[in-house]
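Chains as they are written, first to last, in this note's numbering: chain A, 15 to 507; chain B, 57 to 541.
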Amino acid sequence: MTAAFDQPTITDAARRLRAGELSATELTRAALARAAARAADLHAFITVAEEAALRDAAASDARLRAGKPAGALEGIPIAIKDVIATAGIRTTAGSRILADFVPPYDATVTARLRAAGAVIVGKTNCDEFAMGSSNENSAFGPARNPWDVTRVPGGSSGGSAVAVAASLALGSLGTDTGGSIRLPASYCGVVGMKPTYGRVSRYGVIAYASSLDQVGPFARDVTDCALLLGVLAGHDARDSTSVERAVPDYGDALAGGAKGLRIAIPGEYFVEGMEPDVERAVQSAVETLGGLGAQIGSVSLPHTEYAVSAYYVVATAEASSNLARYDGVRYGSRVDGDGTLLEMYRRTRAAGFGDEVKRRIMLGTYALSAGYYDAYYLKAQRVRTLILNDFARVFQDADVIVTPTAPTTAFRLGEKVADPLQMYLSDIFTISVNLAGLPAISLPCGIDAAGLPIGLQIIGPPFGEELVLRAARAYEAATDWHTRRPPAPGGSR
Amino acid sequence: MSAGDRFEPVIGLEVHAELLTASKIFCGCSASFGAPPNQHTCPVCLGMPGVLPVLNRRVVEFAIRAGLAIRCAIAPRSRWARKNYFYPDLAKGYQISQYELPICVGGHLDIVVDGVAKRVRLTRIHMEEDTGKNIHDAHGSESLVDFNRCGVPLLEIVSEPDLASPAEAGAYLRTLRTLVRYLEICDGNMEEGSFRCDANVSVRARGTTALGVKVEVKNMNSFRAVEKAIAYEIARHARVLEEGGTIVQETRLWDADREETRPMRSKESAHDYRYFPDPDLPPLVVSEALVAEVRRAMPELPDARRTRFVAALKLPEYDAEVLTSRRDLADYFEAVVAAHPNAKAVSNWVMGDVLRLLKERKLDDALTITDWPVAAAHLGELIALIDEGAISGKIAKTVFEEMGTSGGTPRAIVAARGLTQVSDEGPIVAAIDQVLAAHPDKVAEFRAGKDKLLGFFVGQVMKATAGKANPPLVNRLLTEKLRGE
Chain A
15 MTAAFDQPTI
25 TDAARRLRAG
35 ELSATELTRA
45 ALARAAARAA
55 DLHAFITVAE
65 EAALRDAAAS
75 DARLRAGKPA
85 GALEGIPIAI
95 KDVIATAGIR
105 TTAGSRILAD
115 FVPPYDATVT
125 ARLRAAGAVI
135 VGKTNCDEFA
145 MGSSNENSAF
155 GPARNPWDVT
165 RVPGGSSGGS
175 AVAVAASLAL
185 GSLGTDTGGS
195 IRLPASYCGV
205 VGMKPTYGRV
215 SRYGVIAYAS
225 SLDQVGPFAR
235 DVTDCALLLG
245 VLAGHDARDS
255 TSVERAVPDY
265 GDALAGGAKG
275 LRIAIPGEYF
285 VEGMEPDVER
295 AVQSAVETLG
305 GLGAQIGSVS
315 LPHTEYAVSA
325 YYVVATAEAS
335 SNLARYDGVR
345 YGSRVDGDGT
355 LLEMYRRTRA
365 AGFGDEVKRR
375 IMLGTYALSA
385 GYYDAYYLKA
395 QRVRTLILND
405 FARVFQDADV
415 IVTPTAPTTA
425 FRLGEKVADP
435 LQMYLSDIFT
445 ISVNLAGLPA
455 ISLPCGIDAA
465 GLPIGLQIIG
475 PPFGEELVLR
485 AARAYEAATD
495 WHTRRPPAPG
505 GSR
Chain B
57 MSAGDRFEPV
67 IGLEVHAELL
77 TASKIFCGCS
87 ASFGAPPNQH
97 TCPVCLGMPG
107 VLPVLNRRVV
117 EFAIRAGLAI
127 RCAIAPRSRW
137 ARKNYFYPDL
147 AKGYQISQYE
157 LPICVGGHLD
167 IVVDGVAKRV
177 RLTRIHMEED
187 TGKNIHDAHG
197 SESLVDFNRC
207 GVPLLEIVSE
217 PDLASPAEAG
227 AYLRTLRTLV
237 RYLEICDGNM
247 EEGSFRCDAN
257 VSVRARGTTA
267 LGVKVEVKNM
277 NSFRAVEKAI
287 AYEIARHARV
297 LEEGGTIVQE
307 TRLWDADREE
317 TRPMRSKESA
327 HDYRYFPDPD
337 LPPLVVSEAL
347 VAEVRRAMPE
357 LPDARRTRFV
367 AALKLPEYDA
377 EVLTSRRDLA
387 DYFEAVVAAH
397 PNAKAVSNWV
407 MGDVLRLLKE
417 RKLDDALTIT
427 DWPVAAAHLG
437 ELIALIDEGA
447 ISGKIAKTVF
457 EEMGTSGGTP
467 RAIVAARGLT
477 QVSDEGPIVA
487 AIDQVLAAHP
497 DKVAEFRAGK
507 DKLLGFFVGQ
517 VMKATAGKAN
527 PPLVNRLLTE
537 KLRGE
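Pasting the structure below:
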């Protein structure tokens, strides 16, 4: 049975479900079995919602048999990052402080998946409160890279990338604040997309940095990615930062081809210290796109070097405020002390939060403090404007920007834990995109000498998801990197 | 020269007015008061993980209404900010407020103290969410939190330090409360905490302009408490400075039982709130069209109404002042005048018997005249009966009391109890003859020039007719008889 849909894409599976060649229950059981088999070595899930998933799958089968599928994802097993609220399913944000938190509400994206007929198989592992680049900051232990289980899957949405790469689900949701979808997509050899800020609702998405957070899909290929984005995107009255703007048919955007696309290559994204295999793969991808008829031009994004600094001020400032609600009063874990309020706060938060979360709360609190606000927070916001202007200038003459997703491929577990600054530099190519609120995708464009996937990042102008998907699909159609699969269980390199 | 003469107080007030919107400022929960604990809550106002605020448009309209009435500039673009601090009644660990760019800037309120008018400048008005309430268990060490109030919309109305005495502060607060009630944006109830006031108080040597060190005084839950607390602080500052001491900038709490202020623990007042723009809410854009829409729907304000009462209804200034001091009272007055257009007579009844009845029934704070014991139409009818000569003013008082108890119409009460005034000469002349016959000595005295006795005879005749005789007729007939005509 498993062999028949060993590695199906959503598009394949949806067709076969509708044709009655396959049932949602079979598909879901296969995904759950695989998740169970790989739980120990990959640790992609924090919570597997087996019972609920099988119930949803049975309901999907009933609708499919009646010829009335709910939507584009009817019967498709999907995994959801554990920072996204799922009514009745534990939602931990990868943190001890929410280890037993079961939300009574769905995030809007969860509700949209359900409305489209998706079967939610579980909640994926991630860095605590989405703060991290390796998934090692999860309070439940790290997820591991299926291409080499001694390596990190990338973060913070590591489990969501692993779930798709190892076929534990056919698609998944992540969140991307500074690269948290694109980096793990790159490290795990799958497609991951961060939409324009405001394109997808943040309601019910546990906030890390509200002005940067955005939900997006992971998928096997660009076609599936477009399908998922179409389900997620759209205005939500419950998120005042979501934008009232019609959602195009992203599937239609895929067929455009590369011919005539104006592609900009920023010099600042090819830096010293980047892995030679990565640079070669990306240069080769650019040549491929050129060969398909795209116009390639060199550009400059001169404020790129300030992006990481600005990000760690803005993101941590917002986080210091966003995480204040975890105080042990209304929900989540609480540690009582000597009976005073202050001691309860101290102990609850000391025990509930991990080191990286504490580090960022302290950084952000400092940046917002009286006397430092202008020098840090306001200055960072001004840098943000400069970065936005850099992109706006480039997009006057270009349709998309192409860069590497990350300077290296997946690193080893523990390699950067002791050096937060080195860890922060993993996001050097993805952070600017969040500061500017732009859409960007990461898709596979090669395998390095160690046998690890390399990611290509394609960045679009605001609400330019169609251009990004069109360029990505054109490249994917001309190459076979997206068909490469990680080795069988137990493999390492 | 006493300390009070050498020092001049400088006072500014910060008022928090809870708005009368149906729902909370950032979620759909009811904003009403008095429900069982935590009934009016949802994931948004409880600050659950991942939830987001959505602005209630009515709150913006109410803020604009206040801003227009106080003649503020309405900012076309204002911003939401987070005020960060930890407290159990603050669900999110921050309060969504406005900081650098409030919705209303400037403006002024005119007050009158001892007949002297004064203009008090406003600094700003901004919108924010209220907190919940901590409830401390009287027996154990437990504290409970009720989040019903968490997210109820507030306006913070900040004055310039233009007030120079406790009486001015009291007059400012009362004027502001009248205004917010007129605007129907706040019920102005200080005891229930829907209208709260903090005072910034300092003193300086008379004739100097530099401001002294200020102290913030909190925890005053009546107009009297505000006046007393400010007076206490002024005296304390003057005494400290007289003795060569210095005033510490701090927050102090008013203790209503001991009638003194005490410093709050410095730990509690030394907050760095780390304000920053709330990334969950876009800047608030207020269009000219919205301002115009709110302006069109503005009720008539107290000043304009007072002027109209004097000019159009020919009421004395004093009557107009009293009647417009509350919007519901003025509305009631106008409804009675609509039923019976004798404005001065209506004014006398409303200011006298109606206010007395309200006070007796403890309905002083009722917001609408529909809750009042005597319907406006009924009072109009009662005054009409007097003016028609159907009953005397004295009988009318009796009828009014019964209207207040039974709710019946005056005509029905008069008919049922046979209180119709006697205007036929026959029975009155008979009564006069009887009274004169019973008091021959008094008649003789009168006729000898003791005119004052007329009142005595009138009283006796009214008594003999059970109060129903028409008094002017009694007067005329008595005079005729006594003069021997």
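The beta-carbon is built from N, C-alpha and C at its ideal position, and this holds for glycine as well. The structure presented is a predicted model; accordingly, all values stated were derived computationally and were not measured.
Quick one: measure Cβ to Cβ for A/G188 and A/I445, integer angstroms, because I've assumed they're closer than 8 Å. Sequence index remark: in the first sequence, residue 188 of chain A carries index 174 (1-based). Sequence index remark: in the first sequence, residue 445 of chain A carries index 431 (1-based). Not confirmed; about 16 Å, so no contact.
In the DSSP output, which residue or residues are listed as bridge partners for A/V416? Counted from its first residue, the first sequence places residue 416 of chain A at position 402. A/V416 is bridged to A/I472.
Supposed close pair B/V410, B/V393 - CB separation, criterion 8 Å: Along the second sequence, one-based indexing puts residue 410 of chain B at 354. Along the second sequence, one-based indexing puts residue 393 of chain B at 337. About 13 Å; that fails the 8 Å criterion.
Terminal residues of the beta strand (DSSP E) in which B/R318 lies: Here residue 318 of chain B refers to the residue found at position 262 when the second sequence is read from its first residue. Taken as a continuous stretch (DSSP letters only), the beta strand (DSSP E) holding B/R318 covers E316 to P319.
Using DSSP with H/G/I as helix, E/B as strand and the rest coil, what is A/G206? Residue mapping note: residue 206 of chain A aligns to position 192 of the first sequence, counting from 1. DSSP places A/G206 in strand when its eight states are reduced to three.
I'd like the span of the alpha helix (DSSP H) that includes A/A233, first residue to last. As a working note, residue 233 of chain A is residue 219 in the first sequence. Unbroken run through A/A233 is the beta strand (DSSP E), V229 to A233; no alpha helix (DSSP H).
Cutting at 6 Å between CB atoms, please list the residues of its own chain near B/R135, excluding the five before and the five after it. Locating residue 135 of chain B in the second sequence gives position 79, where the first residue counts as 1. Apart from the 5 residues on each side of it in sequence, B/R135 sits with its Cβ closer than 6 Å to the Cβ of L157, P333 and P339 in its chain, given in chain order.
Using beta carbons (cut-off 9 Å, strictly below), is A/R344 in contact with chain B? Translated into the one-based positions of the first sequence, residue 344 of chain A becomes position 330. Yes, A/R344 lies at the interface with chain B (some Cβ there is under 9 Å from its Cβ).
Output the distance between the C-alpha atoms of B/G162 and B/I120, rounded to the nearest integer angstrom. As a first step, residue 162 of chain B is located in the second sequence; it is residue number 106 there, counting from the start. As a first step, residue 120 of chain B is located in the second sequence; it is residue number 64 there, counting from the start. The alpha-carbon of B/G162 is positioned some 13 Å away from that of B/I120.
Environment of B/G482 [buried if 16+ CB atoms lie within 10 Å]: Here residue 482 of chain B corresponds to residue number 426 of the second sequence, with the count starting at 1. By the neighbour-count rule (16 or more Cβ atoms within 10 Å), B/G482 is not buried but exposed.
Can you tell me the Cα-Cα spacing of A/V343 and A/D350, whole angstroms? In the first sequence, residue 343 of chain A corresponds to position 329, counting from 1. In the first sequence, residue 350 of chain A corresponds to position 336, counting from 1. Answer to the nearest angstrom: the Cα atoms are 11 Å apart.
Work out the CA separation of B/R364 and B/V470 for me, nearest whole Å. As a working note, residue 470 of chain B is residue 414 in the second sequence. As a working note, residue 364 of chain B is residue 308 in the second sequence. Distance from the CA atom of B/V470 to the CA atom of B/R364, rounded to whole angstroms, is 35 Å.
Quick check on the DSSP output: the beta strand (DSSP E) that includes A/P421 runs from which residue to which? For this step, residue 421 of chain A is matched to residue 407 along the first sequence. First-last for A/P421: undefined, no H or E at that position.
Note the first and the last residue of the continuous beta strand (DSSP E) segment covering A/T61. The count along the first sequence starts at 1 and reaches residue 61 of chain A at position 47. Unbroken beta strand (DSSP E) run through A/T61: F59 to V62.
Would you check if the distance between the CB atom of A/S298 and the CB atom of A/G465 is smaller than 9 Å? Here residue 298 of chain A refers to the residue found at position 284 when the first sequence is read from its first residue. Here residue 465 of chain A refers to the residue found at position 451 when the first sequence is read from its first residue. Taking 9 Å as the cut-off, the Cβ atoms of A/S298 and A/G465 do not count as close.
B/L69 (DSSP reduced to helix, strand or coil): As a first step, residue 69 of chain B must be located in the second sequence, where it is residue number 13. Correct three-state label for B/L69: strand.
Express the C-alpha separation of B/V491 and B/R539 in angstroms, rounding to a whole number. To locate residue 539 of chain B, count along the second sequence from 1; it is residue 483. To locate residue 491 of chain B, count along the second sequence from 1; it is residue 435. Cα to Cα, the separation comes out at about 15 Å.
So, does the CB of B/V116 fall closer than 9 Å to a CB anywhere in chain A? Within the second sequence, residue 116 of chain B is the residue found at index 60, counting from 1. By this cut-off, B/V116 is not an interface position.
Look at the Cβ atom of B/R133, then the Cβ atom of B/R262, and state whether they are nearer than 9 Å. Taking the first residue of the second sequence as 1, we reach residue 133 of chain B at position 77. Taking the first residue of the second sequence as 1, we reach residue 262 of chain B at position 206. Not a contact, by the Cβ cut-off of 9 Å.
Per-residue DSSP class, three states only, for B/P466: Numbered from 1 along the second sequence, position 410 holds the residue referred to as residue 466 of chain B. B/P466 sits in a helix when the DSSP states are folded into three classes.
Along chain B, in chain order, which residues have C-beta atoms closer than 9 Å to that of A/F477? Numbered from its first residue, the first sequence carries residue 477 of chain A at position 463. Per Cβ cutoff of 9 Å: no residues; A/F477 is ~16 Å from chain B at best.
Chain A partners of B/P144, CB-CB under 8 Å? Along the second sequence, one-based indexing puts residue 144 of chain B at 88. Ordered by position in chain A, the residues that pass the 8 Å Cβ test against B/P144 are D341, V343 and L355.
I want to see whether chain B comes within less than 9 Å of A/V204, judged by CB atoms only; does it? Translated into the one-based positions of the first sequence, residue 204 of chain A becomes position 190. The beta carbon of A/V204 sits no closer than 9 Å to any beta carbon of chain B.
Could you tell me which chain E residues have their CB closer than 7 Å to the CB of B/D336, listed as they occur along the chain? No chain E appears in this structure, whose protein chains are A and B.
Tell me, please, whether the region 48–65 of chain A touches the region 29–37 of chain A by the rule of three or more beta-carbon pairs shorter than 8 Å. The region 48–65 of chain A, when compared against the region 29–37 of chain A, does not touch it at the 8 Å Cβ threshold.
How is the alpha helix (DSSP H) around B/I439 delimited, first residue to last? Taking the first residue of the second sequence as position 1, residue 439 of chain B is located at position 383. A432 to D443 is the span of the alpha helix (DSSP H), which, as asked, contains B/I439.
On the criterion of 16 or more Cβ atoms from any shown chain inside 10 Å, does A/I103 qualify as buried, or is it exposed? Numbered from 1 along the first sequence, position 89 holds the residue referred to as residue 103 of chain A. With 16 or more other Cβ atoms from the protein chains shown falling within 10 Å of its own Cβ, A/I103 counts as buried.
Contact check, A/G305 vs A/R276 under 8 Å by CB: the rounded distance? Against the first sequence, residue 305 of chain A aligns to sequence position 291. Against the first sequence, residue 276 of chain A aligns to sequence position 262. Not really, about 16 Å apart at Cβ, beyond 8 Å.
For A/V245 versus A/G230, is the C-beta spacing smaller than 9 Å? For the purposes of this step, residue 245 of chain A is identified with residue 231 of the first sequence, where counting begins at 1. For the purposes of this step, residue 230 of chain A is identified with residue 216 of the first sequence, where counting begins at 1. Not a contact, by the Cβ cut-off of 9 Å.
N-terminal and C-terminal residue of the beta strand (DSSP E) that B/A520 is part of: Locating residue 520 of chain B in the second sequence gives position 464, where the first residue counts as 1. No beta strand (DSSP E) holds B/A520; the alpha helix (DSSP H) holding it covers L509 to A520.
I'd like to know if B/N256 contacts chain A, where contact means its C-beta is closer than 9 Å to some C-beta of that chain. Taking the second sequence and counting its residues from 1, one reaches residue 256 of chain B at position 200. Residue-level contact check: B/N256 does not touch chain A, since none of the beta carbons of chain A fall below 9 Å from its beta carbon.
Given B/I286 as reference, the closest of B/A360, B/E316, B/G445 and B/A367 once Cα atoms are compared: If you number the second sequence from 1, residue 286 of chain B lands on position 230. Closest option to B/I286, Cα to Cα, is B/E316.
Among A/A130, A/L449, A/L182 and A/T124, which has the Cα closest to the Cα of A/E64? Along the first sequence, read from residue 1 onward, the residue named residue 64 of chain A stands at position 50. Out of A/A130, A/L449, A/L182 and A/T124, A/L182 has the C-alpha closest to the C-alpha of A/E64.
Between the region 69–76 of chain B and the region 249–259 of chain B, can you find at least three pairs of beta-carbon atoms closer than 8 Å? Segments in contact, yes.
So, at 6 Å on beta carbons, what are the nonlocal neighbours of A/Y390 in its own chain, with the 5 sequence-adjacent residues on each side left out? For this step, residue 390 of chain A is matched to residue 376 along the first sequence. Within its own chain, the residues whose Cβ lies closer than 6 Å to the Cβ of A/Y390, once the five positions on either side in sequence are excluded, are V327 and A381, listed in chain order.
Which residue's Cα is closest to the Cα of B/T176: B/A147, B/G207 and B/A225? The count along the second sequence starts at 1 and reaches residue 176 of chain B at position 120. It is Val, not Thr, that sits at residue 176 of chain B in the sequence shown. Comparing Cα positions, the closest option is B/A225.
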